[in-house]
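Undergrad: Pasting a structure below so you can have a look.
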Amino acid sequence: MSNKNGMLFIVATPIGNLSDLSARAISTLKEVDLIAAEDTRHSRPLLQHHGIDQPLQAYHEHNEGTMAERLVERMQAGESIALISDAGTPLISDPGYSLVRRAREAGIPVSPIPGASALIAGLSVSGLPTDSFTFYGFMPRTSSKRRTVMAEFMDKTETAIFYESSHRILAALEDLQAVFPAERKVVVARELTKLHETIINSTVGDICEIIQENPYGQKGEFVVLLEGAPELKKSD
27 MSNKNGMLFI VATPIGNLSD LSARAISTLK EVDLIAAEDT RHSRPLLQHH GIDQPLQAYH
87 EHNEGTMAER LVERMQAGES IALISDAGTP LISDPGYSLV RRAREAGIPV SPIPGASALI
147 AGLSVSGLPT DSFTFYGFMP RTSSKRRTVM AEFMDKTETA IFYESSHRIL AALEDLQAVF
207 PAERKVVVAR ELTKLHETII NSTVGDICEI IQENPYGQKG EFVVLLEGAP ELKKSD
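Positions in the sequence shown are counted from 1; adding 26 to them yields the working numbering.
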């Protein structure tokens, strides 16, 4: 892709179903000079599936600082680069902020190639209010820190959303039970767009038992959505 000033494309990739990569994303990935990928081994099967064979460069949280500077230098030299994450939209609980910030500071155009996002996919099917929500990314690793964060949004009226991994999902839901009223609605979306996609609508009081009863309930990638607190009625 020829551009004398270089350019950075933020390209969303599927969160599970390989067919969800858009036609525009495919054409962009085929035309850039380089694809910066969170994990090149993870992304290669997707790229090969769509006949994309552009050079790959690992770009992840452990090399983000130094690699962002190198990639900006390449774009200043006229190259165009696409940034992808392992799944979904880059920068949403994934690396990329440093690169976008430095590219903009250097006057390099940055363009989004939108697509899948587990956050939005989960919200759209949750049945919870979508007009106002807060995304908290991944919860902290320790129970005490998780409960501190959860307590911060317990009284907020908007929908709260966070990601969780398979080996911490049950512990995180147990923390919800310790912090929130049992009747508060909660939705756990697992393996969205994949073969074993599961969307559980329940309450804080019942969700752990439901997850434990399902032999696959603690496997996969999770989006957890929590109903906001009821708005207090104004007194006359």
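Glycine included, every Cβ here is placed at the ideal spot set by N, Cα and C.
Just so we're clear, the structure is a prediction, and the values are computed from it rather than from any experiment.
1) One question on the structure: do Ala103 and Gly32 come within less than 9 angstroms of each other, judged by their Cβ atoms?
2) Could you check whether the Cβ of Lys56 sits closer than 8 angstroms to any heavy atom belonging to the ligand HEM?
3) To the nearest whole angstrom, what separates the beta carbons of Ala38 and Ser143, a pair I think is in contact under 8 angstroms?
4) According to DSSP, simplified to helix, strand and coil, what is Arg127?
5) Check Arg167 in the structure and name its three-state DSSP category.
6) For Pro71, does the three-state DSSP call read helix, strand or coil?
7) Just tell me which of Leu252, Phe179, Ile226 and Leu97 has its CA closest to the CA of Asn240.
8) Tell me which residues share the same chain as Ile237 and place their Cβ nearer than 8 angstroms to its Cβ, disregarding the 5 neighbours each side in the sequence.
9) Whole-angstrom Cβ separation of Val205 and Met176, contact assumed at under 8 angstroms?
10) Quick check: the stretch 65-77 against the stretch 104-117, are there 3 or more CB pairs under 8 angstroms?
TA: Concretely, from the data shown:
1) Here the question's residue 103 lines up with position 77 in the sequence shown. Here the question's residue 32 lines up with position 6 in the sequence shown. It is a contact, given that the beta carbons lie within the stated cut-off.
2) The model on display carries no ligand, and the ligand HEM is accordingly not part of it.
3) Here residue 38 refers to the residue found at position 12 when the sequence shown is read from its first residue. Here residue 143 refers to the residue found at position 117 when the sequence shown is read from its first residue. Ala38 to Ser143, Cβ: 7 angstroms. Contact.
4) The residue given as residue 127 occupies position 101 in the sequence shown. Three-state DSSP puts Arg127 in a helix.
5) Position 141 of the sequence shown, counting from 1, holds the residue named residue 167. In the structure shown, Arg167 sits in coil (DSSP, three-state: anything other than H, G, I, E or B).
6) To locate residue 71, count along the sequence shown from 1; it is residue 45. The answer is helix: DSSP assigns Pro71 an H, G or I state.
7) Taking the sequence shown and counting its residues from 1, one reaches residue 240 at position 214. Minimum Cα distance to Asn240 is reached at Ile226.
8) Here residue 237 refers to the residue found at position 211 of the sequence shown. Counting only Cβ-Cβ distances below 8 angstroms, and skipping sequence neighbours, we find Ile195, Leu196, Leu199, Val214, Ile226, Gly243 and Gln244.
9) The residue labelled residue 205 in the question sits at position 179 within the sequence shown. The residue labelled residue 176 in the question sits at position 150 within the sequence shown. Between the beta-carbon of Val205 and that of Met176 there is about 5 angstroms, and that keeps the pair under the 8 angstroms contact cut.
10) yes
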